[in-house]
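Colleague: Here the sequence shown is numbered in this note's numbering, starting from 387 and rising by one per residue.
A virtual CB, placed ideally from N, CA and C, is assigned to each residue, including glycine.
All values reported here derive from a predicted model rather than from experimental measurement.
First the structure, which I've put down as structure tokens, then a few questions once you've had a look.
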Amino acid sequence: MPERVAPMGSLVFSSPFLLSALVLLPGLWWLLRLLPPRPQKVLFPPLELLIDSKRDQAEPRRTPLWILLLRISLAALFIIAMAGPILVSQVASVSGPSPLLIILDQGWSSAAEWKERTVFVNTLIDEADRQQSPVALVATGQNNSQIEPLTPQNARNKLSSLAPVAFNAPWEKHEKAIAEFLNRFPDAQTVLIPESATLFDEQKRDIKIFAGKPLTLVASPYAPFALAGSTHDAKGLTLRVIRSTKGTEQNGRILAYETQARLIGETSFTFDKASTETSAQLSLPTELLNRITRLSIEGERTAGATWLIGSDGRRPRVGLVGSTESETKNRLADPSWYIKQALTPYVDLFNPRMGQSEAIASLIESKVDVLILGETTQLSPEALRKLAAYCERGGTLIRFAGNLSPDREDTLWPVRLRADGRALGGALDWQSPRQLAPFPEASPFFGLDIPADVTIKRQWLAEPSSDLNKSSWAKLDDGTPLVTNSVKGRGRIILFHIASDPTWSTLPVSGLFVDMLKRIATQSLITQNESSPSQNKTPQAPFSSLDGYGTLGAPPNDAEPITPNKLMRSGALHPAGFYGSKDALYALNVLNEKDRLIKQTYELSSQQKITSLKATPSQSLVPALLLAAFVLFLIDTLFTFRNVNLKSSRQSAFLALFLIVTLCISWAEARSDTQPLSPKDRDGALSTRLAYVITGDAALDEISREGLQGLSLFLQDHTAIEPEAPMGIDLETDTLSLYPLIYWPMPSTGQGPTQAALARLETYMRNGGLLIFDTRDAASNFNAAPSAETLFLQSLLSGLSVPPLEELPANHVLMRSFYLLQMMPGRYGTGKTWVEALPPESDQTDVPARASDGVSPLIITSNDWASAWAIDQSGRALYPIETAIPRQREMALRAGVNLVVYSLTGNYKADQIHVPALLERLGR
387 MPERVAPMGS LVFSSPFLLS ALVLLPGLWW LLRLLPPRPQ KVLFPPLELL IDSKRDQAEP
447 RRTPLWILLL RISLAALFII AMAGPILVSQ VASVSGPSPL LIILDQGWSS AAEWKERTVF
507 VNTLIDEADR QQSPVALVAT GQNNSQIEPL TPQNARNKLS SLAPVAFNAP WEKHEKAIAE
567 FLNRFPDAQT VLIPESATLF DEQKRDIKIF AGKPLTLVAS PYAPFALAGS THDAKGLTLR
627 VIRSTKGTEQ NGRILAYETQ ARLIGETSFT FDKASTETSA QLSLPTELLN RITRLSIEGE
687 RTAGATWLIG SDGRRPRVGL VGSTESETKN RLADPSWYIK QALTPYVDLF NPRMGQSEAI
747 ASLIESKVDV LILGETTQLS PEALRKLAAY CERGGTLIRF AGNLSPDRED TLWPVRLRAD
807 GRALGGALDW QSPRQLAPFP EASPFFGLDI PADVTIKRQW LAEPSSDLNK SSWAKLDDGT
867 PLVTNSVKGR GRIILFHIAS DPTWSTLPVS GLFVDMLKRI ATQSLITQNE SSPSQNKTPQ
927 APFSSLDGYG TLGAPPNDAE PITPNKLMRS GALHPAGFYG SKDALYALNV LNEKDRLIKQ
987 TYELSSQQKI TSLKATPSQS LVPALLLAAF VLFLIDTLFT FRNVNLKSSR QSAFLALFLI
1047 VTLCISWAEA RSDTQPLSPK DRDGALSTRL AYVITGDAAL DEISREGLQG LSLFLQDHTA
1107 IEPEAPMGID LETDTLSLYP LIYWPMPSTG QGPTQAALAR LETYMRNGGL LIFDTRDAAS
1167 NFNAAPSAET LFLQSLLSGL SVPPLEELPA NHVLMRSFYL LQMMPGRYGT GKTWVEALPP
1227 ESDQTDVPAR ASDGVSPLII TSNDWASAWA IDQSGRALYP IETAIPRQRE MALRAGVNLV
1287 VYSLTGNYKA DQIHVPALLE RLGR
């Protein structure tokens, strides 16, 4: 890659024609030089003081040189300021009226530098605005079938609406539209801001489309980490970590979260100098590993650094009931031995050595996902009852044929069976052993390769029925079923019509047998229903989607369903995230197990250049020049009128006028450099909205959104307040003052806010905002050690100027701002609520962050208010209540109403606290 980096900056003028006034400065010099200073006047001098005065001939004097230089400098500064000087980066220079084409990558790797990218593009648009050039902005994550030039203001508005996307979005996908635009505007200047890393196999990128045309390539040193695969085996969860560059040793941490965004594990990884791929091992009990839904690389806020695990990604727990005498027999003669060999590397296998009925009861109590009966034996009525109940609750029962005929009292079969089976290929049988037919598309075995040496010599036959074909997952080449199934309650019963050892077929000693059992075990992790992802042909609707920062949220409106088990990549219509239903989720990730990252390079011509993304934004020099001119004017004025009473002088009016004009121009110039409101800030300003802090924990942020959405609906139904949908805010960038109430649930881990964000929080609280901290740990308050959430809060508060706090008193105005309340429960009712302890009225001590109207600027609780507020449009609760307080959810919603009214109206009901005393004084 050529090292041709653009110069740091250059000076341009918005009104260069005004610089022609500088030619007048020599004439002003000679005029000031020829005119002497005004003579001093002495008013009404006593004659006796002038009698002996010496009368020298008065000779006019020339203006001192330093005053000449001062006044010439003042005039020059004013003229240059009126010409509008602007210091711009060389990369932002735009010549002429030709359009500026900006190609901005929106892929997941851009999320880490999105702020820098938008600042850079705004710099380009500002320069195009000054040169009166149209701007064509191509966002690679959008549909750009036709590219049209926009006005600079429309380009700014389009840029403010963009955000990183959770898929790979290379600019080459829009090459046709870009080529058409360049053909229409051959003089267009192009700025290409590509992705930080690519998934393409070719390291050198082809840019022939820009051959012979001016091009500025914006390079970035950022090299992302990403997660690209997971394997759940007996050792634990193995994660594949990749990067785009090598040459240095790097390390990091991976955090594992369960559904409620609680951290349940972490591990570390290390890259050596020569590798771009490494692995990390997370060793936890299977029960904990199976609760993991999301993993993320600490410090990497991108969708590529996030790995989702769906319902089918957990490690199955399989119970096997075999012969009690198998330990003493030849293992090859044990029917269950072949099942153990097939499943042991891929599942947690439990094979208790006890009687059949006791083993079945033990495995069911252990909550195995799959229960396998390795051989056909007569089952007791008690065992049959327990197995039926197990299937009804969602368990998967696998059975095999055997030498014993099916018992009539045993009804746990997927299909009706004939009393006699069928033998093939025997000495007295003219039929040869049968092979398997291709698996039907509706079968979980669809797509598996069938070896030619797999043959069936004996099988159980099913009675013909209208639904036999639908129940068959595998058939022989003559159409007779080999594997059948049926749904029982929330579970499933599966029958292999052969024995589990090689006496009936060669299937148990083939790799196909392993793959079939793995497919069944994986499917068992998903609740059996018609919308389950196990049904390959059933498209699964989007449930929740990742954004470019790796945060889970509601799927976009144009997201389309996907078909599980089909190899596909995330994209605009199929964003990365979860698909299916709450009980049966399929995960679609940004990367897959075969992906690798490459730092792309480009071959540029001599007229094409490379610059850095860290470009300095354009800066107007007008305010600084006007300030300097004003200082020089003050010096000149103070010298000239040092003996004049300004109170009665006309020059004082001129001085005041010049001061006002200078300050107004400086203020206008400063305002002209501000960026337009983002869509989020605009929505927050135009309507009342409750806000929550985006913590980076997708599930926790979703609970906050659902909780505030439920509270907003309750407010609309019971009060005159009509809030719009709640808004998730970033403490580092969003405007906090637009929201009367900000809810912040404490995560169990993660990085705290920066000092700049803490300063913004203090300003928000001092200006009357209400900040609610919720540790959500009331259920664990009985423990001696503080929870991780409480420790996070303690660390956070140590960086804030927090006023003295007290437990919420019963007569506090918060308890009667709308409803009359005795407590403020949430999901839990045992936690305490803390507010500012207001000092006595006579105490004039300056309390940090104390609101001017006496309203507490912060409230701390541990009752998990958001989970109790979370309701859907029909009023149904989304999360259970943990304590048994009468009408607890309603009381929690009423507490939320009081909080909102308190944040909007302050202490207007505080006088009600004194009502008893007032009534007593009035004699009532």
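Under a three-way DSSP split, which group does T653 fall into?
Modeller: strand
Colleague: Nearest to A514 by CA position, among R542, L490 and P600, is which residue?
Modeller: Per the Cα distances, R542.
Colleague: In the DSSP assignment, find the beta strand (DSSP E) that holds M1277 and state where it starts and stops.
Modeller: Here M1277 belongs to no beta strand (DSSP E); instead the alpha helix (DSSP H) covers Q1274 to T1291.
Colleague: Counting along the chain, where does the beta strand (DSSP E) carrying K659 start and finish?
Modeller: For K659, there is no enclosing beta strand (DSSP E), as DSSP marks it with neither H nor E.
Colleague: By DSSP, does E1118 sit in helix, in strand, or in coil?
Modeller: coil
Colleague: Compute the Euclidean distance between the alpha carbons of S682 and N975, then round it to the nearest angstrom.
Modeller: 12 Å
Colleague: Locate the beta strand (DSSP E) running through H560, then write down its first and last residues.
Modeller: No beta strand (DSSP E) holds H560; DSSP gives it neither H nor E.
Colleague: Would you report the Cα separation of T1140 and L417, rounded to the nearest angstrom?
Modeller: 58 Å
Colleague: Note down the Cα distance separating L822 from P792, rounded to an integer number of angstroms.
Modeller: 24 Å
Colleague: For S406, does the three-state DSSP call read helix, strand or coil?
Modeller: helix
Colleague: Spatial neighbours of S665 within its chain, please: C-beta separation below 8 Å, excluding the five flanking residues on both sides.
Modeller: T624, L625, R626, V627 and F655
Colleague: Should E1175 go down as buried or exposed, given a rule of 16 or more other Cβ atoms within 10 Å for buried?
Modeller: buried
Colleague: Closest by CA to R844, which one among S1098, R878 and H883?
Modeller: H883
Colleague: If I follow the unbroken beta strand (DSSP E) through N637, where does it start and stop?
Modeller: Q636 to E644
Colleague: Is there at least one Cβ from chain D nearer than 9 Å to F825's Cβ?
Modeller: You won't find chain D in this structure, because it holds only one protein chain.
Colleague: Using CA atoms only, rank isn't needed, just tell me which of G780, L903, D619 and L568 is closest to L486.
Modeller: Taking only the C-alpha atoms, the option nearest L486 is L568.
Colleague: CA-CA distance, R878 and Y724?
Modeller: 22 Å
Colleague: Take the Cβ of M1113 as the centre, count every other Cβ of all protein chains shown within 10 Å, and call the residue buried at 16 or more, exposed below.
Modeller: Flag for M1113 reads buried.
Colleague: Run through the stretch 705-773 for me and flag every whole beta strand (DSSP E) of 3 or more residues, listed as ranges in chain order.
Modeller: 734-736 and 756-759
Colleague: Mark S697 as exposed unless 16 or more other C-beta atoms lie within 10 angstroms of its C-beta, in which case mark it buried.
Modeller: Buried.
Colleague: L1186 and Y1150 look like a contact to me (Cβ under 8 Å); what is the Cβ gap, rounded to whole Å?
Modeller: Actually they are not in contact, since the Cβ atoms of L1186 and Y1150 sit about 11 Å apart, beyond 8 Å.
Colleague: Just the Cα atoms here: how many angstroms apart are S748 and L1124?
Modeller: 59 Å
Colleague: Which partner residues does L601 have in the DSSP bridge list?
Modeller: For L601, the pairing in a beta bridge is given by DSSP as T576 and Q994.
Colleague: Taking DSSP as the reference, what is the three-state secondary structure of M1210?
Modeller: coil
Colleague: State the beta-bridge partners of N871 as determined by DSSP.
Modeller: I880
Colleague: Three-state secondary structure (DSSP) at W693?
Modeller: strand
Colleague: When burial is assigned at 16 or more other CB atoms within 10 Å of the CB, is T997 buried or exposed?
Modeller: buried
Colleague: On the DSSP bridge assignment, give the partners of E663 in chain order.
Modeller: The partner list for E663 (beta bridge, DSSP) reads I628.
Colleague: Would you say the stretch 540-559 touches the stretch 511-526, given that touching needs at least three Cβ pairs under 8 Å?
Modeller: yes
Colleague: Let me make sure I understand the geometry here. Which of E1276, G1096 and E1118 has the alpha-carbon closest to that of A1252?
Modeller: G1096
Colleague: Which same chain residues, not among the five before or five after A595, have their C-beta less than 8 Å away from its C-beta?
Modeller: A small correction: the amino acid at residue 595 is Ile; Ala does not occupy that position in the sequence shown. When the five nearest sequence neighbours on each side are left out, the beta carbons in the same chain lying within less than 8 Å of the beta carbon of I595 are those of E561, I564, A565 and L568, in order along the chain.
Colleague: Verify whether the separation of the beta carbon atoms of L1191 and L1147 is less than 9 Å.
Modeller: No, the pair does not count as a contact, with Cβ atoms beyond the cut-off.
Colleague: Cα separation between S1242 and A1145?
Modeller: 18 Å
Colleague: My assumption, with CB atoms under 8 Å, is that V756 sits in contact with V707. Please give the rounded CB distance.
Modeller: About 11 Å separates the two Cβ atoms, so there is no contact after all.
Colleague: State buried or exposed for F403, treating a residue as buried only when at least 16 other CB atoms are found within 10 Å of its CB.
Modeller: exposed
Colleague: When the Cα atoms are used, what is the spatial distance from S1248 to T1161?
Modeller: 5 Å
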